[in-house]
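> Be aware that the sequence shown starts at 12, since it is given in my numbering, and climbs by one per residue.
We put the CB at the ideal spot given by N, CA and C, even for glycine.
Below is the structure I would like to discuss, written out as structure tokens.
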Amino acid sequence: MRVHAANADIREQACRALMSITTGDDAQGEACAQAAVDAGALPHIVAAMHVHAANAAVQDQACRALINIAAGNDAHRDARRQAAVDAGALPQIVAAMRAHSAVAAVQEQACCALDNITAGTDAQRDARA
């Protein structure tokens, strides 16, 4: 994603690939989500959202990838959620919602991403704040 940072189509496809790879709340999906985080995917997803803020398809696919990365019930889920916060995902998700207020798919996926990233107990949410 870094080499083709200016190409929205490549960024969209990369986010779609990350979404597909990280799909599933089973052990395999959780392992793939963790592998994506360990490989440094989160800053690239957030950067794609920032660089291509006017592109609804990039925003949609990036939110879908964030949904999957922040999902799961494994021991690393909360760390993945915190990593998304640390990478700047929350402001970019909100920016996507503002920029694409008339695009239902972006609104829906952004809401789901916010839900997954901010979910947890009060103590967990406070720790991520």
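Put residue 105 into one of helix, strand or coil per three-state DSSP.
Here residue 105 sits in helix by DSSP.
> What does the alpha-carbon distance come out to for the pair residue 99 and residue 57?
The alpha-carbon atoms of residue 99 and residue 57 are separated by roughly 7 Å.
> Residue 64 and residue 121 - do their beta-carbons sit closer together than 8 Å?
Not a contact, by the Cβ cut-off of 8 Å.
> For residue 75, I'd like the list of residues in its chain whose CB is within less than 6 Å of its CB, leaving aside the five on either flank, ordered along the chain.
These residues qualify, in order along the chain: 30, 120.
> Buried or exposed: residue 39, going by 16 or more other Cβ atoms within 10 Å of its Cβ?
Burial call: exposed.
> Given residue 23, which residues of its chain have a CB within under 6 Å of its CB, disregarding the five upstream and five downstream residues?
Correct list, in chain order: 68, 69, 72.
> Based on Cα-Cα distance, which residue from 26, 77, 85, 83 lies nearest to residue 104?
If we check each option's Cα against that of residue 104, 77 comes out closest.
> Return yes when the Cβ of residue 82 is within less than 8 Å of the Cβ of residue 147, no when it is not.
Nothing about residue 147 can be read from this structure; the chain reaches only from 12 to 140.
> Please report the distance separating the alpha-carbon of residue 33 from that of residue 127.
Distance between the alpha carbons of residue 33 and residue 127: 14 Å.
> Do you know whose CA, among 25, 113, 86, 129, lies nearest residue 60's CA?
Considering only alpha carbons, the answer is 25.
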